[in-house]
Amino acid sequence: MVGVAGGTLTHMATPASAEPARDDACAAALEDDLGWALGVVFRSHVKATHAVLADIPGGPRGYQVLASAVQDLGGNQGALAAQLGIDRTVLTYLIDDLEKMDLVERRPDPADRRSRLVVATPKGRALWTDRQAALRQVELRVLGVLGEDAAAFRILLQRLATHANGLDPITHTCQLVEELQ
Numbered sequence: 000m001v002g003v004a005g006g007t008l009t010h011m012a013t014p015a016s017a018e019p020a021r022d023d024a025c026a027a028a029l030e031d032d033l034g035w036a037l038g039v040v041f042r043s044h045v046k047a048t049h050a051v052l053a054d055i056p057g058g059p060r061g062y063q064v065l066a067s068a069v070q071d072l073g074g075n076q077g078a079l080a081a082q083l084g085i086d087r088t089v090l091t092y093l094i095d096d097l098e099k100m101d102l103v104e105r106r107p108d109p110a111d112r113r114s115r116l117v118v119a120t121p122k123g124r125a126l127w128t129d130r131q132a133a134l135r136q137v138e139l140r141v142l143g144v145l146g147e148d149a150a151a152f153r154i155l156l157q158r159l160a161t162h163a164n165g166l167d168p169i170t171h172t173c174q175l176v177e178e179l180q
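The letter at position 173 of the sequence shown is residue 172 when you use numbering that gives the first Met the number 0, and the numbering goes up by one with no holes.
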């Protein structure tokens with residue numbers, strides 16, 4: 000088991016029965032492969048997340064826009080694009096689709112008449128609340144095998160993600176896709 004005490008990683012004894020059986024030489028060889036482990040966990044999370052968000056225009060991206068609108072995080076469209084790392088042109092079409100489903104609406108920014116704010120509608124807020132609960136279930140399914148260690152894993156993963164992004168920041172998701180090809 001792994002724990003976090005005062006921000007420091009600690010190791011605790013794990014009963015042998017809690018470890019998965021290793022009946023495959025390939026699995027044993029991959030045990031120490033960080034890239035493989037990250038990829039498998041990422042794939043599992045992405046597939047389950049996409050299934051939960053399939054009816055929202057743009058899937059996870061649309062959900063991010065909706066979440067920002069519900070939580071009043073995004074401000075105007077330009078700020079929202081920068082915050083979410085979505086190309087401004089792509090964001091415009093995504094907001095159009097979310098508006099057609101009555102999940103968000105554009106309103107004039109009182110501080111700048113040329114700017115538009117993206118605001119969640121009551122229908123959008125209700126959908127976001129429902130999807131929040133479903134996404135928590137996805138996380139429980141993906142991290143459930145960790146038991147008590149799930150909280151420590153989240154802390155360590157967030158620290159690692161923050162560090163990695165600081166070393167090589169992603170300014171928009173299109174950049175990430177281009178770099179992976």
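From the three backbone atoms N, C-alpha and C, an ideal C-beta is built for every residue, glycine too.
Please read these numbers as outputs of a predicted model, since none were measured by experiment.
Exposure label - residue i; buried when at least 16 CB within 10 Å
i: R130; result: buried
i: V117; result: buried
i: P168; result: exposed
i: V137; result: buried
i: L33; result: exposed
i: H10; result: With a pLDDT of 49 at H10, under the threshold of 50, the modelled position of this residue cannot be trusted; read the value that follows with caution. Counting Cβ neighbours within 10 Å, H10 comes out exposed, since fewer than 16 surround it.
CA-to-CA distance, residue j to residue i, given in whole angstroms
i: L29; j: L65; result: 38 Å
i: L159; j: P56; result: 30 Å
i: R87; j: A81; result: 8 Å
i: D148; j: N75; result: 39 Å
i: D111; j: G77; result: 13 Å
i: A15; j: G38; result: For A15, the pLDDT reaches just 47, beneath the cut-off of 50, and the residue's location in the model is therefore unreliable, leaving the point undetermined.
i: L93; j: L166; result: 30 Å
i: H162; j: L156; result: 10 Å
i: L97; j: D31; result: 43 Å
i: A125; j: L79; result: 21 Å
i: P121; j: I85; result: 24 Å
i: D71; j: V40; result: 30 Å
Spatial neighbours of residue i in its chain, beta-carbon cut-off 7 Å, leaving aside the 5 residues before and after
i: G123; result: L65, A68, V69, L102 and V103
Per-residue DSSP class, three states only, for residue i
i: L52; result: coil
i: D32; result: coil
i: G5; result: Here the model assigns G5 a pLDDT of 49, short of 50, so the residue's position is not dependable and the matter cannot be decided.
i: L116; result: strand
i: P121; result: helix
i: P59; result: helix
i: E98; result: helix
i: E104; result: strand
i: A12; result: With a pLDDT of 45 at A12, under the threshold of 50, the predicted position of this residue should be treated as unreliable, and no value is reported.
i: D111; result: strand
Pair within 9 Å by beta-carbon distance, residue i and residue j
i: H49; j: G58; result: yes
i: L139; j: R153; result: no
i: D89; j: R115; result: For the sequence presented, residue 89 should be read as Val rather than Asp. No, the Cβ-Cβ distance between V89 and R115 is not below 9 Å.
Same chain only: Cβ atoms within 6 Å of residue i, ignoring 5 sequence neighbours per side
i: A133; result: V51
i: Y62; result: L52 and I55
i: A119; result: A68, V69 and V103
Contact set for residue i: own chain, Cβ-Cβ below 8 Å, skip 5 residues either direction
i: T91; result: Q76
i: K99; result: P56
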